[in-house]
Amino acid sequence: MSEKERGGPADAGPGESSARLRELPSRLLSLTALTADRLVNEALAALDARKWHYAVLATLRESGPASQAALSRRTGVYRSDLVAVINELAASGYVERAPDPGDRRRNVITMTSPGRARLRRLDTLLAGVQDELLAPLDGPEREQLTHLLGRLLEHHHAGQAMD
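According to the numbering used here, the stretch in the sequence shown is residues 22 to 184, in order.
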């Protein structure tokens with residue numbers, strides 16, 4: 022039986038851990054990230070979707086049709102994993118894959134009309150998840166948290182792609 026199953030240290034939330042641990046931003050960020058991932062994954066699973074589905078659709082909506090290599094860079098999905106994600110989205114009719122007219126060796130991925138509708142549903146779903154995650158914060162606090170997290174991420178990824 023694992024510690025988690027026994028109700029041991031793995032179950033300790035931020036209020037149950039020592040004061041020293043509650044004062045470590047890295048620990049607070051990690052615990053919050055675990056909660057955020059769980060909430061997002063559970064919500065997306067209810068619609069038979071995954072985080073990478075959303076990332077690809079949102080990127081295509083923002084940037085337009087793109088090669089698989091460009092999508093990999095913009096979403097942070099490894100090229101080898103992206104093929105499976107695109108296959109899943111294409112099988113559902115949310116994207117189309119076609120040879121690039123300028124270079125037939127590569128494919129261009131385009132979002133379809135059903136893909137745009139799917140993205141709208143996922144946007145609505147994820148807005149609700151953000152509200153649930155950030156429930157204790159008011160509007161200005163949410164904006165401030167988002168800004169500060171963005172600054173931290175930008176600082177630690179300076180010179181790297183931020184998509």
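No residue lacks a Cβ here, since even glycine has one placed at the ideal position from N, Cα and C.
Under the three-state reduction of DSSP, which class applies to Pro122: helix, strand or coil? coil
Contact check, Ile130 vs Arg142 under 8 Å by CB: the rounded distance? At roughly 20 Å, the Cβ-Cβ gap does not stay under 8 Å, so Ile130 and Arg142 are not in contact.
Specify, as a first and last residue, the run of the alpha helix (DSSP H) that Leu135 falls within. For the sequence presented, residue 135 should be read as Pro rather than Leu. Looking at the DSSP string, the run of the alpha helix (DSSP H) that includes Pro135 is 134 to 154.
Given that a residue counts as buried once 16 or more other Cβ atoms are within 10 Å of its Cβ, and exposed if not, what is Gln89? buried
If we cut at 8 Å on Cβ distances, does Gln151 have a partner in chain C? Although the question refers to chain C, the structure presented lacks it and comprises just one protein chain.
Between Leu78, Pro86, Leu55, which has its C-alpha nearest Glu109's C-alpha? Leu78
With a threshold of 16 other CB atoms inside 10 Å of the CB of His178, please say whether the residue is buried or exposed. exposed
Using only CA atoms, which one of Leu155, Leu42, Gly85 lies nearest to Met132? Gly85
Gln151 to Ala64, Cα distance in whole Å? 11 Å
Rounded to whole angstroms, what is the Cα-Cα separation between Ala87 and Pro120? 11 Å
Looking at the unbroken alpha helix (DSSP H) that takes in Glu83, where does it start and where does it end? 72 to 84
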